[in-house]
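Protein chains in written order, with the UniProt record's numbering: chain A, 1 to 337; chain B, 1 to 326.
Comments concern the structure below.
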Amino acid sequence: MFRFFLTRFSLIIPTFIGVTLLTFALIRLVPGDPVELMAGERGISPERHAELRAAMGLDKPLLVQYGDYILNVVQGDLGNSVVTRTPVLDEFMTLFPATIELSVCAILFAMIVGLPLGILAAVKRGSIFDHSLMGISLTGYSMPIFWWALLLILLFSVNLGWTPVSGRISVMYWVEPVTNFMLIDALLSDEEGAFSSALSHLILPAIVLGTVPLAVIARMTRSSMLEVLGEDYIRTARAKGLAPLRVVAQHALRNALIPVVTVIGLQVGVLFAGAILTETIFAWPGIGKWLIESVARRDYPVLQGGVLLVAAVIMIVNLLVDLTYGVLNPRIRHGGH
Amino acid sequence: MPLLDIRNLSVEFSTRAGKFRAVDGIDLTVDEGEVLGIVGESGSGKSVTSLAVMGLIANNGRVVADKMEFDGRDLRTLTERQRRNLTGKDVAMVFQEPMTSLNPCFTIGFQIMESLKVHEKLGRSDRRRRAIELLEKVGIPAPESRLSSFPHQLSGGMNQRVMIAMAISCNPRLLIADEPTTALDVTIQKQILDLLLDLQKERGMALILITHDMGVVAETARRVSVMYAGQVVETRSARDLFTHPQHPYTGALLDALPERALGKRRLPTIPGVVPGISDRPNGCLFNPRCRFAQDKCRREGVPLFPDESGAARCFYPLQVTGGVAA
Ligand SMILES: Nc1ncnc2c1ncn2[C@@H]1O[C@H](COP(=O)(O)OP(=O)(O)OP(=O)(O)O)[C@@H](O)[C@H]1O
Ligand code: SF4
Ligand SMILES: [Mg+2]
């Protein structure tokens, strides 16, 4: 177990170097710079342009810029946004809860729906239910997120008028930001109806973001469950005269979950990627939308810092997943014999 | 009245290659407290038979029988729930592979206590006490501390002891041990076998001991049935079977025993394998491997011929004719 974590930690440093190098290089490959974009239509004189670029340190050779950047990062300084002038870390911290709230709800939705469906498909292997579920999940897996989002918006927001189209809560409510998680803050506030408003804003984006993980989880649960159901110890459980529900939900599921947890962990990366589109479509004020805007504004520090922080979060979550894996699987927890 | 009474049991699997009769019209009776040995090579249908008795045949299998009674109750008409109340309680089973037959995600203690909870409705502390007693009974050292062990922390022999503890936890009246020692080291095999027989005697439970080792049944069983390709080819008392085998297959199995091959340079073996789904011959199923096969054997199916001490499925039984071709 200890060695296992040591190897995991030794991977962190190269990953960070790779991430910083990539974002640093890629954003500078995009034509235009922050000064030009801030000046906008009005334009700017070449002297003033050069002056401002120098003020941001953009006139130095790229390698020096990168070196400066890394030096600052190592000291915990991710720089300030060139647009708002606030520290990148502060902006991240205020926006991050919105993304967490959305992602957590999305993955919860995916698990609550995907696990039972996958289990049922495995138990009823070869049935019409099984075949149609696998067909649908393949569709869900390959569906473009923005198209799916627009479809849901058209149906539930435009035609049926059930859910709002954008934002985290209706403008009618003012909710004190205590935790920055809108659902919790809305519950804490004494504004009546704030919670249901927050919830109705969350539902569609969470479904959209949760669709791909849902499909992945359902398929993985099914195949893992099928494998486990053929194991000798399942036969033993049945030979003890246990009820089928107990055999499946306890003896089989516990084993089947081990690979599923890994897959759920891998979905964290997928979630962040999906959050970028989903947040943009639903005007959800989170990290995804923030990053997209930083590209549009060539806000180099925000993009570099933001991507770095997201990468850190993904790595932490993956580590946590590995820990859960150990909890579920005694063979890892105790090592061999 | 026998404890287990089965007549004309067949199990047919539908596979991609078509229908396959893994068990073909066998009779099986076991009296209270009796040890019945079932012997046969790999693929002869021993496990499928025992699974059919347990009611654990996979979905692609169909079980039919003229009679299937346990303690006078017709197993064919029980509801699933009634059947479950019987399996694991009155009829229990020990499997061949101890390392994979225990659930890797649950502790030994949990897996033993689970049966006690489901069948005996015991409270938590009673279950724990009983589990420790059971582990002690099957010869596991420091049973109390073993309760929280996982199967992967124990050796194969220890796991098989746990399986046995689990199987006898609800005092079954019939225990089916399906090749309980095949996967174990030779030194451990004897210990496990002795343990099973001690428990059988002590509790007076009936035991069906399945094995492919003639030597094992010789010392243990009162009666022996020999299975080949899904059929019982010979059945009689262990003593008669060993002194006067009638079926050529039984004879060949006995000849293959090391203690009978003393003085011979090589252990005689039976060439070929048990026919599978695609290569079942016409006539006597053993005829391609039989030294005494005649034309009739290749043409006509053989019924089980009763004789003074049992029955054999052969047109030209050994002791009577001495084997025609011999
Ligand atoms: N679920 C199943 N579907 C199809 N065929 C099966 C199934 N279960 C068993 N069989 C077949 O039935 C035949 C008898 O198998 P069985 O496991 O009873 O043999 P066995 O006598 O126990 O052999 P071994 O000594 O290897 O345990 C084999 O040919 C096997 O392939
Ligand atoms: S019937 Fe014929 S082939 Fe079959 S065992 Fe007897 S002698 Fe051999
Ligand atoms: Mg077997």
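Ideal Cβ positions, reconstructed from N, Cα and C, are used throughout, including at glycine.
As the structure is a computational prediction, the values presented were derived from the model and not from experiment.
message: Does any residue of chain A have a CB that is nearer than 8 Å to the CB of B:Gly-103?
response: Correcting the residue type first, residue 103 of chain B is Asn in the shown sequence and not Gly. Chain A contact via Cβ: present.
- request: Return no unless some Cβ of chain B is closer than 8 Å to the Cβ of A:Leu-6.
  value: No, because no Cβ of chain B sits closer than 8 Å to the Cβ of A:Leu-6.
task: Give the single residue among A:Arg-254, A:Thr-20, A:Val-19, A:Lys-240 whose Cα lies nearest to the Cα of A:Leu-328.
output: For the options A:Arg-254, A:Thr-20, A:Val-19, A:Lys-240, the alpha carbon positioned closest to that of A:Leu-328 is the one of A:Arg-254.
message: For chain B, check one thing: does any of its Cβ atoms lie closer than 8 Å to the Cβ of A:Tyr-233?
response: yes
message: Quick check: does the Cβ of B:Val-63 come within less than 7 Å of any heavy atom belonging to ligand 4?
response: Ligands present in the displayed structure are limited to ligand 1, ligand 2 and ligand 3, and ligand 4 is not among them.
- request: State the CB to CB distance for the pair A:Ala-239 and B:Leu-56, rounded to an integer number of angstroms; the pair is presumed to be in contact (CB under 8 Å).
  value: 6 Å
task: Can you check the segment 148 to 235 of chain A for any alpha helix (DSSP H) of at least 4 residues that lies completely inside it and give the ranges in chain order?
output: 182 to 188, 194 to 229
- prompt: Does any residue of chain B bring its CB to less than 8 Å from the CB of A:Thr-236?
  reply: A:Thr-236 has a beta carbon lying within less than 8 Å of a beta carbon in chain B.
task: Pull up the distance between the alpha-carbon of A:Ile-276 and that of A:Gly-18, whole angstroms please.
output: 21 Å
- request: Could you tell me which chain A residues have their CB closer than 7 Å to the CB of B:His-119, listed as they occur along the chain?
  value: Gly-241
task: Please determine, among B:Leu-36, B:Phe-20, B:Ser-10, the residue with the shortest C-alpha to C-alpha distance to B:Ala-206.
output: B:Leu-36
- prompt: Does the Cβ of B:Asp-178 have 16 or more other Cβ atoms within 10 Å, making it buried, or fewer, making it exposed?
  reply: buried
message: Can you pull the chain B neighbours of A:His-251, defined as C-beta to C-beta under 7 Å?
response: Asn-103
field: Chain-ordered neighbours of A:Arg-222 on chain D, where CB pairs are closer than 9 Å
entry: Of the chains in the structure shown, none is chain D; the protein chains are A and B.
task: Kindly list, in the order they appear in chain A, the residues whose Cβ is closer than 8 Å to that of B:Arg-84.
output: Gly-241, Leu-242, Ala-243
- request: For A:Thr-84, count neighbouring Cβ atoms within 10 angstroms of its own Cβ and tell me buried if that reaches 16, exposed if not.
  value: exposed
- prompt: For B:Ala-221, does the three-state DSSP call read helix, strand or coil?
  reply: coil
query: What residues in its chain sit with their C-beta under 8 Å from that of B:Gly-156, if we drop five residues either side in the sequence?
result: Here the set comprises Pro-98, Met-99, Ala-183, Leu-184, Asp-185, Ile-188.
For review: beta carbons within less than 6 Å of any heavy atom in ligand 3: If you measure from each CB to the nearest heavy atom of ligand 3, the residues under 6 Å come out as B:Lys-46, B:Ser-47, B:Gln-96, B:Asp-178, B:Glu-179.
- prompt: If you draw a straight line from the C-alpha of B:Pro-281 to the C-alpha of B:Arg-298, how long is it?
  reply: The alpha-carbon atoms of B:Pro-281 and B:Arg-298 are separated by roughly 8 Å.
query: Going by DSSP, which residues form a beta bridge with B:Ala-28?
result: At residue 28 of chain B the sequence reads Leu, which differs from the Ala that was named. The partner list for B:Leu-28 (beta bridge, DSSP) reads B:Ile-6.
- prompt: If you draw a straight line from the alpha carbon of B:Asn-8 to that of B:Glu-69, how long is it in whole angstroms?
  reply: When rounded, the distance between both Cα atoms is 12 Å.
query: What residue from B:Ile-277, B:Gly-283, B:Tyr-316 has the CA that sits closest to B:Pro-248's CA?
result: B:Tyr-316
- prompt: What residue range is occupied by the uninterrupted alpha helix (DSSP H) comprising B:Gln-96?
  reply: From DSSP, B:Gln-96 is part of no alpha helix (DSSP H); its letter is neither H nor E.
field: Simplified DSSP state of B:Gly-322, which is helix, strand or coil
entry: With a pLDDT of 48 at B:Gly-322, under the threshold of 50, the predicted position of this residue should be treated as unreliable, though the coordinate-derived value follows. Coil, per DSSP.
- request: Within the same chain, show all residues whose beta-carbon is closer than 7 Å to that of A:His-201, passing over the 5 residues directly before and after it, in chain order.
  value: The residues are Pro-164, Gly-167, Arg-168, Ile-169.
- request: Tell me whether the beta-carbon of B:Leu-4 lies closer than 8 Å to the beta-carbon of B:Leu-209.
  value: no
message: Considering just the uninterrupted stretch of the beta strand (DSSP E) at B:Ser-237, what are its terminal residues?
response: If you look at B:Ser-237, you'll find it in the beta strand (DSSP E) that goes 231 to 237.
query: Counting along the chain, where does the beta strand (DSSP E) carrying residue 327 of chain B start and finish?
result: The displayed coordinates of chain B run from 1 to 326. Any statement about residue 327 of chain B would go beyond what the structure contains.
Proximity test, B:Gln-294 beta-carbon vs ligand 2 heavy atom, cut-off 7 Å: yes
message: At the level of alpha carbons, what is the spacing between B:Ala-229 and B:Glu-300?
response: Spanning the two alpha carbons is a distance of roughly 16 Å.
- prompt: Quick one: does A:Pro-34 have its CB under 8 Å from some CB of chain B?
  reply: For A:Pro-34, the answer is no, since every Cβ of chain B falls outside 8 Å of its Cβ.
query: Going by DSSP, which residues form a beta bridge with B:Val-39?
result: B:Thr-211, B:Val-226
task: Quick one: measure Cβ to Cβ for B:Gly-45 and B:Met-214, integer angstroms, because I've assumed they're closer than 8 Å.
output: The pair is not a contact, with the Cβ atoms about 17 Å apart (cut-off 8 Å).
query: Between residue 340 of chain A and A:Arg-222, what straight-line distance do the alpha-carbon atoms span, to the nearest angstrom?
result: No statement about residue 340 of chain A is possible, as the shown extent of chain A runs from 1 to 337 and does not include it.
query: By a C-beta neighbour count over all protein chains shown, 10 Å radius and 16 as the cutoff for buried, is A:Pro-46 buried or exposed?
result: Note on A:Pro-46: under 16 other CB atoms within 10 angstroms of its CB, so exposed under the neighbour-count rule.
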